[in-house]
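Residue numbers (this note's numbering), protein chains in the order written: chain D, -14 to 196; chain L, -14 to 196.
Accompanying notes for the structure given below.
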DNA sequence: TGAAAAACAAAGCATTTGCTCAAAAATTCA
DNA sequence: TGAATTTTTGAGCAAATGCTTTGTTTTTCA
């Protein structure tokens, strides 16, 4: 009987490596701006600086580029939450998570918008990840947070909604960037600084047990 | 000299009224799901239950439907914030705003996603509204909140970021609905109830002055 | 160095898309 | 009622879109 193996992944050549990266970078730009259906292969090829057939030489379809991006995204997206772990000072532990999330919003706004677009449109290529690894991770961390509540180390809060509020407030600065810039036409540096101060204050308030 | 008047708006006939509404309803469904570029006139006509040329008899283009929807949306979106006004009990005044916003997210998720789509994609048809009426309204309310801070009636917070955090946390329940449903497969009623409890608690915490 | 393999792109193909045309059907109202 | 008006649509058109075909250029490596 023949051994069933994972599809052979020949190591990528130098050129393959370079071009796949160019395409993924282009896909990030274009998909995050227009969503999957709004993006065209022409736009992708243009942004990647190569011809359309050449792009399709590296990825079999527009959808394949999109899926590859989402897969890559998931890891990076989960990472900060994975790092949230047991601590003697749970409040600071959670605040560190908030700061990491905010920093990611700032450093990777396109990734944030790519993710937001996918979820907004019903997560057609992502619902597996949501109900699988994402849910498991959140369930696990929710338990941890719940235990901190039970031990009186942080205030009593619904851990799931706490996590949702961290996600929403931090990602807002990437996803609704245009709106924020329209309302606060000051420089981004200052907005980010104020956001960090505000969010730290807010989450510290809700997490600090009432005397 | 002839008087310059606004373009004549003949009152709409019964049929016109009905069909324009059908089209706007269809547009809300389709645009909120796929974004402007991802939506097609065929989808719109289908969802509206009429032929493509007939739809284009009522609106000159796909974009016109989109713009009409956004204009209608703006009013409803601003309304709850407009109602935020002077009060002897500023904390409750703000909490009422939070609750209204959350209720809107629950009652009009498609509208919320339509808005989110537009902002995410750079607000190509909305940047005027953001820099105009929206900014003015937010500036005004920020001053009000700042005055409450100054008078010691609420804690010291950055009023702009407070408003952003109210928007992001409440709209999250509409915009990221798929993600939340994937993580919390309980019934929506309960999620909404818990969300309200959590958010009320959170904003009360940050707004209550430290003794 | 030269033949095999990999990388590339001009042209093209079928389908979709946004919108129009011309004419038919339905409605209005004198 | 019947002529004028409004509403509706089948057919179609040019452009865009996703992807392929075909063949050329570049790279690899024995």
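Ideal Cβ placement from N, Cα and C applies to all residues, glycine included.
Who are the near neighbours of residue i in its chain, counting only those whose CB is closer than 7 Å to its CB and skipping five residues on each side?
i                      : result
residue 139 of chain D : 75, 76, 133, 192 and 194
residue 131 of chain L : 144
residue 108 of chain L : 115
residue -4 of chain D  : none
residue 157 of chain L : none
residue 110 of chain L : 51, 52, 55 and 103
Looking only at its own chain, which residues have a Cβ that is under 6 Å from the Cβ of residue i, when we skip the five neighbours before and after it?
i                      : result
residue 141 of chain L : 134
residue -7 of chain D  : The predicted model places residue -7 of chain D with a pLDDT of 43, which falls under 50 and marks its position as unreliable, so this point remains unresolved.
residue 190 of chain D : none
Name the residue from the options whose alpha carbon lies nearest to the alpha carbon of residue i.
i                      : options                       : result
residue 211 of chain L : L:70, L:161 and L:28          : The displayed coordinates of chain L run from -14 to 196. Any statement about residue 211 of chain L would go beyond what the structure contains.
residue 128 of chain D : D:145, D:115, D:117 and D:119 : D:145
residue 188 of chain L : L:164, L:84, L:167 and L:91   : L:84
residue 64 of chain D  : D:100, D:86, D:43 and D:80    : D:86
residue -2 of chain L  : L:31, L:137 and L:43          : L:43
residue 160 of chain L : L:94, L:117, L:26 and L:113   : L:94
residue 61 of chain L  : L:88, L:78 and L:79           : L:88
residue 163 of chain L : D:66, D:30 and D:120          : D:120
residue 105 of chain D : L:23, L:196 and L:126         : L:23
residue 200 of chain D : D:176, D:136 and D:66         : Because chain D in this structure spans residues -14 to 196, residue 200 of chain D falls outside the shown range and cannot be described.
residue 31 of chain L  : L:169, L:177 and L:8          : L:8
residue 152 of chain D : D:136, D:166, D:80 and D:169  : D:80
Strictly below 9 Å CB to CB, what residues from chain L border residue i?
i                      : result
residue 43 of chain D  : Going along chain L, no residue has its Cβ under 9 Å from residue 43 of chain D, so there is no contact; the nearest lies around 24 Å.
residue 142 of chain D : 183, 186 and 187
So residue i is in the alpha helix (DSSP H); what residue range does that whole segment cover?
i                      : result
residue 107 of chain D : Where residue 107 of chain D is concerned, there is no enclosing alpha helix (DSSP H), given that its DSSP letter is neither H nor E.
residue 24 of chain D  : Run containing residue 24 of chain D: none; DSSP gives neither H nor E here.
residue 158 of chain D : 144 to 160
residue 136 of chain D : No alpha helix (DSSP H) contains residue 136 of chain D, which DSSP labels as neither H nor E.
residue 79 of chain D  : 75 to 92
residue 191 of chain D : 173 to 192
residue 38 of chain D  : 37 to 43
residue 47 of chain L  : 47 to 68
If the cut is a Cβ gap below 8 Å, which residues of chain L does residue i touch?
i                      : result
residue 131 of chain D : Under the 8 Å cutoff, chain L gives no residues; its nearest Cβ is about 13 Å from residue 131 of chain D.
In chain L, which residues lie less than 7 Å from residue i when you measure between Cβ atoms?
i                      : result
residue 18 of chain D  : 106 and 107
residue 116 of chain D : 167
Considering only residues of the same chain and omitting the five flanking positions on each side of residue i, which have a CB-CB separation below 8 Å?
i                     : result
residue 58 of chain L : 96, 99 and 100
residue 26 of chain D : 37, 40, 41 and 47
Given that residue i touches chain D, what residues does it touch there, using C-beta distances under 9 Å?
i                      : result
residue 69 of chain L  : Near residue 69 of chain L there are no residues of chain D at all, since even the closest Cβ is about 16 Å away, more than 9 Å.
residue 157 of chain L : 149, 150, 152, 153, 154, 156 and 157
residue 160 of chain L : 101, 104, 105, 153 and 160
Taking C-beta pairs closer than 8 Å, name the residues in chain D that residue i reaches, listed in chain order.
i                      : result
residue 119 of chain L : 164, 167 and 168
Strictly below 7 Å CB to CB, what residues from chain D border residue i?
i                      : result
residue 190 of chain L : 190 and 191
May I ask you to verify whether the region 3 to 10 of chain D touches the region 31 to 45 of chain D, counting CB pairs closer than 8 Å and requiring at least 3? With a cut-off of 8 Å, the region 31 to 45 of chain D and the region 3 to 10 of chain D count as touching, because enough Cβ pairs lie within range.
Between the region 12 to 24 of chain D and the region 39 to 59 of chain D, do at least 3 Cβ pairs fall closer than 8 Å? yes
Stretch pair the region 179 to 186 of chain L + the region 178 to 187 of chain D: three plus CB contacts closer than 8 Å: no
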